[in-house]
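In this note's numbering, the protein residues as written are 5 to 274. Reading through the structure tokens given below for one structure.
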């Protein structure tokens, strides 16, 4: 939540973070305008500060389109590296075209109000496409990795420190010690819980909620009302083309994902 500063007798709140972001944006625009000026001096071409200011607002559209890309990535997630690469390649290209189209529309609309004659849509679009396509394409293509890197709050070792390193289960008269990494799924089979591993299957009297408290949630994900999945055993996610997905495990078992646990799906893809 933004820290708000309220001045007595004033009718407005002043969010410090908003002021910082605005100042940062002005600084960025100023940098690009200065770059245009230096470039014009080196090349011996004309420099018009009003046009440079307007043109460099192209970077303003990065903000909403970044949010759009992150939203789309949360809905269209591929575990297959080839499919993910092709999807990101297509998505980044489409976002660049959308970015330049929106910017060009903005530029031409403002120039129509300010100058006579105004700038033509095609000339501005071609100019932006030729000069900014590579930068924008690289940004939108690598954004998912950058986002994942910078939003990781703490190291994996710190996350896992408080969770069980072994699980004890009964097998007849014996007590078996399981390494959590060997567990594929944990599902309810009332009145017991059913634990599957590559070597064997086990019954336990603890609930799914109990297992959720002792197992690392970064590895063990609740995907529906009755099942927890070890994400390291996931082979792929298959879309049902209606908003639902199936998780296919390495043992070829298929588990349907529940929409009620949609927010957990992202963990499966990390």
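Each residue gets a CB set at the ideal place from its N, CA and C atoms; glycine is no exception.
Among the bridge pairs identified by DSSP, residue 198 is matched with 191, 207. A straight line joining the alpha-carbon of residue 191 with that of residue 145 spans about 38 Å.
Distances from the CA of residue 167 to each of 129, 185, 131, 152 were compared; the closest alpha carbon is that of 185. Counting every other CB atom within 10 Å of its CB across the protein chains shown gives residue 269 a total of 16 or more, marking it as buried.
Burial check for residue 199: the Cβ neighbour count within 10 Å reaches 16 or more, so the residue is buried. When C-alpha distances from residue 69 are compared across 131, 195, 267, 97, the shortest belongs to 97. Put simply, of 152, 260, 59, 237 the residue whose alpha carbon is nearest the alpha carbon of residue 244 is 260. Shown here, residue 228 sits in a strand according to DSSP, grouped into three states. Residue 181 and residue 141 have their C-alpha atoms some 50 Å from each other.
Residue 249 carries a strand assignment under DSSP once its states are collapsed to helix, strand and coil. Under the three-state reduction of DSSP, residue 170 is assigned to coil, being neither helix nor strand. Contact holds between the region 123–139 and the region 97–110, because three or more Cβ pairs, one in each stretch, are under 8 Å apart. In the pairwise beta carbon analysis, the region 171–178 is classified as not touching the region 236–251: fewer than three pairs are separated by under 8 Å. In this structure, residue 189 lies away from residue 217, with their beta-carbon atoms at least 8 Å apart. In the DSSP assignment, residue 243 falls within the unbroken beta strand (DSSP E) covering 238–243. By the CB criterion at 8 Å, residue 103 and residue 65 fall inside the cutoff. Per DSSP, the unbroken alpha helix (DSSP H) holding residue 58 starts and ends at 53–59. Under a 10 Å Cβ-count criterion, residue 38 is classified as exposed, with fewer than 16 other Cβ atoms of the shown protein chains found around its own Cβ.
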